[in-house]
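The numbering of the sequence shown is the numbering used here, which starts it at 34 and goes up by one.
Note that CB positions come from ideal geometry on N, CA and C, so glycine has one too.
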Amino acid sequence: MARISISDFLDRKIKGQKLALMTAYDYAFGRIVDEAGFEGILVGDSLSMVVQGLENTLPVTMDEMIYHTRIVSRAVTNALVIGDMPYMSYQVSVEEAVRNAGRFIKEGGAQAVKTEGGREILPQIRAMIAAEIPVMAHIGLTPQAIYRIGGFKVQGKTNEARVRLLEDALMLEDAGVFSMVIEAVPSGLAKEITEKLSIPTIGIGAGVHCDGQILVLHDVIGLFERFMPRFAKRYANLKEDALKALCTYRDEVKGGVFPSEKESFK
Numbered sequence: 034m035a036r037i038s039i040s041d042f043l044d045r046k047i048k049g050q051k052l053a054l055m056t057a058y059d060y061a062f063g064r065i066v067d068e069a070g071f072e073g074i075l076v077g078d079s080l081s082m083v084v085q086g087l088e089n090t091l092p093v094t095m096d097e098m099i100y101h102t103r104i105v106s107r108a109v110t111n112a113l114v115i116g117d118m119p120y121m122s123y124q125v126s127v128e129e130a131v132r133n134a135g136r137f138i139k140e141g142g143a144q145a146v147k148t149e150g151g152r153e154i155l156p157q158i159r160a161m162i163a164a165e166i167p168v169m170a171h172i173g174l175t176p177q178a179i180y181r182i183g184g185f186k187v188q189g190k191t192n193e194a195r196v197r198l199l200e201d202a203l204m205l206e207d208a209g210v211f212s213m214v215i216e217a218v219p220s221g222l223a224k225e226i227t228e229k230l231s232i233p234t235i236g237i238g239a240g241v242h243c244d245g246q247i248l249v250l251h252d253v254i255g256l257f258e259r260f261m262p263r264f265a266k267r268y269a270n271l272k273e274d275a276l277k278a279l280c281t282y283r284d285e286v287k288g289g290v291f292p293s294e295k296e297s298f299k
């Protein structure tokens, strides 16, 4: 099976075939997600919350993102690996943006990067693409802007906000991004954006009309319990299974049941 490329993303849009994406943050889950057949794996800055236990995505560093991207890339052979550019890795200047994006490719083994924002970062996006780095955009609720927007709130609800998001989407497409995450916007607006763009849209809390969907791995498999976004869906409860297994092991150790002869050498 040939590895998924950005051309495959565009081809799925043309053919009306849905794209399925998932996050991953380490080697073990990178392999599992890849074997499951997802077109794209995002090494998300959400690791700040679901792996590092922090309150939001802002503290995670470039070095941490490169480390996690590298170990996911080591596990993945089929999906497109996308490195999520962390807060302040691309906002300061065009030069920093290109240098940091390049690190995801050279050091992290990713095939693309993701940025958050619209018209305000167009120069950075154009420069990255000019440096042969594929860029996935992200509009709507952009978690790196939670202090400005006042928390994790649905975006694009007023006519003014709706128009701005539509304009940003078209500007980003014109700048050359190969796809666009749309997060936490009304489904009707996401549908309108999807229909106006020739590149695929990837929804997260944006309804069914996007060209694809992405969720955070730990929400899907039940490994993150601090809160559950309304747009997420839990398909398994691995925490419960893991806790049961660990308690059984603990009891067998304390009861002298483990290790048995089967797990011992003679």
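Taken through DSSP and simplified to helix, strand or coil, Thr175 comes out as coil. Counting every other CB atom within 10 Å of its CB across the protein chains shown gives Ile172 a total of 16 or more, marking it as buried.
In the three-state scheme derived from DSSP, where H, G and I count as helix and E and B as strand, Thr234 is classed as strand.
One Cα belongs to Arg45, the other to Glu165, and the distance between them is close to 22 Å. The beta-carbon distance between Thr102 and Gly142, rounded to whole angstroms, is 7 Å. This is short enough to meet the 8 Å contact definition. For the set Val168, Arg181, Val131 and Asp201, the Cα lying nearest the Cα of Glu153 is the one of Asp201. Annotation for Ile158: Val168 and Ala208 place their beta carbon closer than 6 Å to its own, counting only its chain and skipping 5 residues before and after. Secondary structure note for Ala194: its alpha helix (DSSP H) is the uninterrupted segment Asn192 to Ala208. One Cα belongs to Ser79, the other to Met118, and the distance between them is close to 11 Å. Taking 4 residues as the shortest admissible run, the stretch 101-179 contains the following complete alpha helix (DSSP H) segments, listed from N- to C-terminal end: 127-139 and 155-163. Leu248 and Val146 have their C-alpha atoms spaced approximately 17 Å apart. The three-state secondary structure of Gly255, taken from DSSP, is coil.
For Ala269, the CB contacts under 6 Å within the same chain, skipping 5 residues up- and downstream, are Ile254 and Gly255 in chain order. Between Gly221 and the set Val210, Ser231, Asn192 and Leu205, the nearest pair of CA atoms involves Asn192. Nearest neighbour of Lys266 by Cα position, chosen from Met121, Phe291 and Gly238, turns out to be Gly238. According to the DSSP assignment, Ile65 belongs to the alpha helix (DSSP H) that extends over Tyr60 to Glu68. The alpha carbon of Leu230 has as its nearest neighbour, out of Tyr60, Gly70 and Leu198, the alpha carbon of Leu198. For Met213, the uninterrupted beta strand (DSSP E) run begins and ends at Ser212 to Glu216, by DSSP. If the five residues before and after Pro262 are omitted, its C-beta is found closer than 6 Å to no C-beta atom of its own chain. 8 Å or more divides the Cβ of Ile37 from the Cβ of Phe211. Residue pairing for Ile74: DSSP places it in a beta bridge opposite Met55 and Val114.
One Cα belongs to Glu72, the other to Leu91, and the distance between them is close to 27 Å.
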